[in-house]
Structures are given as C-alpha cells and as structure tokens.
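Below: one structure, written as structure tokens.
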Amino acid sequence: MFPKLFSIGDFFLPSYGALVAAGVLAGLLVSTRLARRRGMDTEKLTNLVLYVVFAGLLGAKLAMFLFDWEYYAQRPGEIFSLATLQAAGVFQGGLALAVVAAWWHLRREKLDFLPVADILAPGLALGHAIGRLGCFAAGCCYGAYCERPWAVRYTNPDAATISGTPLGVPLHPTQLYEAAAELVLFAVLYRMAGRMPRPGTVIGLYLTVYSAVRFLVEFVRHHEQSLQGGLSLTQWMSLGFALVGTVYWWRGRREPVQVRG
C-alpha cells in the first residue's frame with residue numbers, strides 16, 4: 101500500500117494523516133449542511149467539531165496506551181515514537197472522550213446534547229470511513245491471518261517500518277470491513293437526520309450498529325490486547341456503547357417520525 105503519499109528527504113506526508121484530515125472535513129461539511137436545515141448556528145457547530153476531533157485523537161491514543169500498558173511500560177520510549185504518532189489508536193477510547201468533550205462544550209453553550217449529536221452522527225460515520233481507508237493505506241490496524249480470496253498482502257517496507265505490518269502475509273482487510281460498514285451506515289443516518297426524529301434516535305442507531313460491527317471485526321483483527329472474559333477490552337467497550345445506543349434508538353422509535361414539508 102502507500103504509507104507515504106510523497107517524501108522529500110526525511111520528510112514525508114503520511115497517507116493516514118491526510119485521509120484522516122479529509123475525513124474530518126467531509127464530516128464537518130455533512131454536519132454543517134444538516135445543521136443549516138435545522139436552523140442551528142453553524143459557527144457553534146464548527147467550534148464543537150474542533151473540540152470533538154482533538155478530544156477524539158487524544159482519547160484514542162490514551163486508550164491505546166492503557167490497553168497495551170505492559171508493552172509501553174517495558175518500552176517507554178515508544179510512547180513518543182513516530183510509529184505511535186502514526187497509529188490510529190483505539191477508536192472507542194476516542195469516542196468516549198469525544199462524547200465527554202461534546203457534552204461539556206454543549207452545556208457551556210447551553211445547547212441540547214442529543215439533537216446536536218444526531219446532526220453529528222452521519223458526519224462521524226463518513227469521516228470514520230475515510231479515516232479507515234487511511235489505516236488501510238498505512239498498514240495499521242491490520243487483520244489476522246486470512247485464507248479467504250479477498251485477503252490482502254502488504255509489500256511496502258514502509259508499512260513494516262512505520263506500523264509493524266507483516267509483509268507478504270495474507271491478512272483480513274479489517275480496515276475495509278469497517279469502512280464499508282460505515283459508508284452504508286452513513287447513507288442510512290443521513291437520510292434519517294434529514295427528517296425530524298425524536299432526539300437521540302440517529303446517534304443511538306449509530307452507536308448500536310457501529311459497535312456491533314466493531315465487536316465482530318475484533319474477532320479477525322490482529323491486536324495485542326489481553327482478553328478479559330474471552331473478549332478484548334475494545335469489545336467490552338463496544339458492548340457498552342451498543343447498550344447506550346439501543347436505549348436512545350428504542351426511545352426514539354416509540355414516537356412517530358415527523359417529516360418536514
């Protein structure tokens with residue numbers, strides 16, 4: 101694949117970083133468009149997205165350190181290495197801290213959390229899908245050994261150097277599994293958000309469906325997390341998010357959807 105878009109001497113533009121940035125912009129455009137339809141202040145929404153993105157990146161890295169603490173405790177220098185900077189981190193950790201940051205910021209701005217979360221959910225799904233393509237290009241978050249016809253083999257030495265990706269080994273394209281699921285979820289959520297469902301319905305569906313997808317993908321993904329009760333910590337977090345999302349979605353389904361126009 102292509103971990104580096106281009107190089108000039110020792111400097112290079114990482115494909116992962118470029119696609120994550122593209123995902124953030126795409127998600128912001130989608131959310132801004134939906135906000136205008138609802139008559140929301142787009143400037144406040146943009147400020148919120150900046151808070152959420154920063155908190156999400158920080159939370160993903162912190163969760164990665166926590167889940168692989170034994171590894172980093174023995175190699176503290178790796179915390180500040182280029183490989184760590186390039187790593188995507190644990191998305192659920194980023195999502196958790198992003199939710200906390202969003203709640204805090206919206207409370208300070210005196211805005212209701214759930215209606216705004218519904219506006220952000222489609223953009224979050226789209227941005228995450230694009231970001232996962234960045235993971236695929238970089239070789240990070242790779243899958244376990246795979247004997248299926250759609251298995252992928254990394255051959256670029258940069259992927260092994262930067263992300264520790266095994267070369268020439270057939271692997272599950274777990275990044276593409278998530279990206280495809282997120283794109284389908286984006287289409288569904290965008291259509292829902294264009295209507296006026298009860299607050300919490302859209303973000304509830306996002307949390308439920310994505311968490312289920314991530315839970316299943318973890319079974320064919322390579323990771324060094326220790327198992328707790330037969331499941332990875334990421335899977336336990338996914339179950340928690342799925343439970344919260346199901347509650348929000350079920351509450352919204354109890355009332356009829358109101359369509360504009």
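The numbering of the sequence shown is this note's numbering, which starts it at 101 and goes up by one.
We put the CB at the ideal spot given by N, CA and C, even for glycine.
This one's a predicted model, so the numbers in the text were calculated from it and none came from an experiment.
Check whether the Cβ atoms of L305 and F341 sit closer than 7 Å, and answer yes or no. No. Outside cutoff.
Around the Cβ of Y258, are there at least 16 other Cβ atoms within 10 angstroms (buried) or fewer (exposed)? Reading off the sequence shown, one finds Asp at residue 258, where the question assumed Tyr. Counting Cβ neighbours within 10 Å, D258 comes out buried, since at least 16 surround it.
To which residues of the same chain is F106 closer than 8 Å at the C-beta, ignoring the five residues directly before and after it? For F106, where only same-chain residues beyond five positions count, the Cβ hits under 8 Å are F112 and L113.
Go ahead and label V359 buried or exposed: buried means 16 or more other beta carbons lie within 10 angstroms of its beta carbon, across all protein chains shown. Only weak support exists for where V359 lies, its pLDDT of 44 falling under 50; the coordinates are left without a value.
Is any heavy atom in the ligand ZN found nearer than 6 Å to the beta carbon of Y348? Inclusion of the ligand ZN in the displayed structure is not the case, the ligand content being empty and no account of it being possible.
Could you spell out where the alpha helix (DSSP H) holding F315 opens and where it closes? Run containing F315: T301 to V317, per the alpha helix (DSSP H) assignment.
If you follow the beta strand (DSSP E) that F106 is part of, which residue opens it and which one closes it? Here the beta strand (DSSP E) through F106 covers K104 to I108.
Using only the alpha-carbon positions, how far apart do S332 and I262 sit? Going from the Cα of S332 to the Cα of I262 covers about 24 Å.
Count the CB pairs spanning the segment 243-253 and the segment 130-139 that are closer than 8 Å, and state whether there are at least three. Two segments are said to touch when three or more pairs of C-beta atoms, one from each, lie closer than 8 Å; by this definition the segment 243-253 does not touch the segment 130-139.
Between the C-alpha atoms of G361 and G294, what's the straight-line distance to the nearest angstrom? Bear in mind that the predicted position of G361 carries a pLDDT of just 38, short of 50, making it too unreliable to give a figure here.
Leaving aside the five residues before and after V357 along the sequence, list all residues of the same chain whose C-beta is less than 6 Å from its C-beta, in chain order. The predicted position of V357 is uncertain, since its pLDDT is 49 and thus under 50; a value taken from the coordinates is nonetheless stated next. The answer, listed in chain order, is R295 and P297.
Please name the residue, chosen from E318, V153, L157 and V130, that lies closest to Y242 on a Cα-to-Cα basis. Nearest C-alpha to Y242: E318.
With a cut-off of 8 Å on the beta carbons, I'd call G159 and G194 a contact; round off their distance for me. About 4 Å separates the two Cβ atoms, so the contact holds.
Going by the CB atoms, is the gap between L271 and R236 shorter than 7 Å? Before going on, a small fix: residue 236 reads as Phe here, not Arg. The Cβ atoms of F236 and L271 lie no closer than 7 Å to each other.
For P114: DSSP bridge partner residues: Note: P114 sits in a beta bridge opposite K104.
Using a Cβ-Cβ distance cut-off of 7 Å, determine whether P114 contacts chain E. In the displayed structure, chain E is absent; only one protein chain is listed.
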